[in-house]
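Chemist: Take a look at the following structure, please.
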Amino acid sequence: MNILDAVLPEGRRGTVAMPAEWSPELEAGIDARFRVRYELAGPEGAPLLVAMGGISADRHVCANVLDPAPGWWRKLAGPRLAIDTHRWRLLAIDFLGSPGTFESPDRIHLTPGDQADAVAVALRHLGVERAHRMLGASYGGMVALAMGIRHPARLDGVVLIGAAHRGHPQAIGIHAVQRWIVEFALRHGRGSEGVALARALAFTTYKSAAGLDARFPHDWEWEDGAPVYAVGRYLEQQGRAFAERFEAETYLTLSASVDLCDLRPEDLGVPAWLIGWEEDTLVPPWLLRETADRIGAPSRLRILSSDAGHDAFLLHAPDYEEALRGSLLATEPQALAGSAG
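Okay, so the sequence shown: first residue is 0 according to numbering that gives the first Met the number 0, each after it adds one.
Okay, here's the thing in structure tokens:
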């Protein structure tokens with residue numbers, strides 16, 4: 000059964016059930032227990048973009064007629080921004096595994112391919128034969144790559160931002176420690192505190208070392224006989240704010256899904272634009288080059304520079320905005336051939 004929350008000329012928000020029975024188009028095990036919560040907004044009839052972000056992102060990408068609240072991509076998506084919502088129509092979903100998407104007390108194991116199937120179900124429900132692009136950043140980039148592999152007939156191209164076809168041992172190890180923290184906290188009835196600690200640790204990997212050094216001076220204040228550093232306060236604030244809106248089980252599910260990503264770029268069936276940053280330690284340039292070199296479709300790689308590190312995918316920067324606009328406006332596959340640093 001489909002439950003629509005809102006339907007307006009310039010937007011639609013709703014929930015659609017995954018198919019009750021497995022079909023060759025979908026991964027086994029993703030069935031009617033799952034719900035796809037989506038938001039579609041922008042000028043009716045405009046070319047459609049699918050947008051997916053990191054594990055903390057949801058279906059609300061930016062302010063729109065359905066919801067004026069700023070979304071997770073507020074600095075890059077909106078009227079007259081790099082992703083101009085006067086020109087493009089945007090679709091996003093809540094990741095499977097987040098609240099309201101799954102009816103079971105059991106812990107689930109999801110892959111980026113499962114999330115791609117959920118996007119395909121949303122497109123079919125909305126009567127969209129083919130989207131112009133799927134833009135995926137961080138975890139969402141893994142989902143976009145999976146979408147281009149599993150459902151190439153649904154897309155004209157993919158834009159992979161700070162995302163590769165797999166993780167690497169350092170990133171996977173850090174994620175494992177974060178999940179151990181959350182699991183330990185859950186066993187002691189303090190899941191929210193575990194999420195806060197795990198997110199604080201995560202933020203040390205989202206930024207570059209140079210960016211943190213420029214932002215936080217090496218000084219401290221004494222509180223209760225112990226030194227307290229500005230960077231420590233910042234990490235605590237980020238962790239606690241995140242824990243107020245993110246459940247422990249969702250964190251465990253989506254963090255594990257990042258590490259379960261193991262895709263074959265050779266199987267990509269649509270053109271691809273890849274964007275990354277020299278300072279990104281979670282998805283370093285060498286791994287992006289490996290992905291780009293193995294892609295079996297026309298592709299182009301852009302390696303940029305930003306002290307923001309992995310978090311650069313959320314922020315304004317002239318070269319990044321130019322790369323985004325170019326990935327949306329390019330039409331000739333031959334214009335994509337080859338990789339460029």
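Glycine is no exception: its CB is placed at the ideal position from the N, C-alpha and C atoms.
Rounded to the nearest angstrom, what separates G268 and A91 at their Cα positions?
Modeler: As a position in the sequence shown, residue 268 is number 269, starting the count at 1. As a position in the sequence shown, residue 91 is number 92, starting the count at 1. Each residue's Cα considered, the two are about 21 Å apart.
Chemist: Any idea if L328 is buried or exposed, counting beta-carbon neighbours within 10 angstroms, 16 or more meaning buried?
Modeler: Numbered from 1 along the sequence shown, position 329 holds the residue referred to as residue 328. L328 should be labelled exposed.
Chemist: Please report the residue range of the alpha helix (DSSP H) in which T204 lies.
Modeler: Mapped onto the sequence shown, residue 204 falls at position 205. Where T204 is concerned, the enclosing alpha helix (DSSP H) stretches over G190 to Y205.
Chemist: Just curious, the alpha helix (DSSP H) that P317 is in, first and last residue?
Modeler: Taking the first residue of the sequence shown as 1, we reach residue 317 at position 318. Looking at the DSSP string, the run of the alpha helix (DSSP H) that includes P317 is P317 to L328.
Chemist: What does the Cβ neighbour count give for A225, buried or exposed, with the cut at 16 atoms within 10 Å?
Modeler: Position 226 of the sequence shown, counted from the first residue, corresponds to residue 225. So A225 ends up on the exposed side.
Chemist: If we cut at 8 Å on Cβ distances, does G308 have a partner in chain C?
Modeler: Among the chains of the structure shown, chain C does not appear; only one protein chain is present.
Chemist: Look up I160 in the DSSP assignment and say whether it is helix, strand or coil.
Modeler: By 1-based counting over the sequence shown, the position of residue 160 is 161. If DSSP states are grouped into helix, strand and coil, I160 belongs with the strands.
Chemist: Using the Cβ count rule (16 or more neighbours within 10 Å means buried), how would you classify W285?
Modeler: Within the sequence shown, numbered from 1, the residue matching residue 285 stands at position 286. Looking at its Cβ environment, which holds fewer than 16 other Cβ atoms inside 10 Å, W285 is exposed.
Chemist: Taking buried to mean at least 16 other C-beta atoms within 10 Å of its own C-beta, is S304 buried or exposed?
Modeler: Locating residue 304 in the sequence shown gives position 305, counting from the first residue. Exposed is the call here.
Chemist: P226 by DSSP, collapsed to three states: which one?
Modeler: Here residue 226 refers to the residue found at position 227 of the sequence shown. Strand, per DSSP.
Chemist: List the DSSP bridge partners of A271.
Modeler: Against the sequence shown, residue 271 aligns to sequence position 272. Answer by DSSP bridge pairing, in chain order: V157 and S298.
Chemist: Would you give the residue range spanned by the beta strand (DSSP E) that E38 belongs to?
Modeler: Residue mapping note: residue 38 aligns to position 39 of the sequence shown, counting from 1. Residues R34 to A40.
Chemist: Between which two residues does the beta strand (DSSP E) containing V49 stretch?
Modeler: For the purposes of this step, residue 49 is taken as residue 50 along the sequence shown, with counting starting at 1. Counting along the chain, the beta strand (DSSP E) containing V49 begins and ends at L47 to M51.
Chemist: Does at least one heavy atom of the ligand SAH sit under 7 Å from the Cβ of A329?
Modeler: The ligand SAH is absent from the structure shown, which contains no ligands of any kind.
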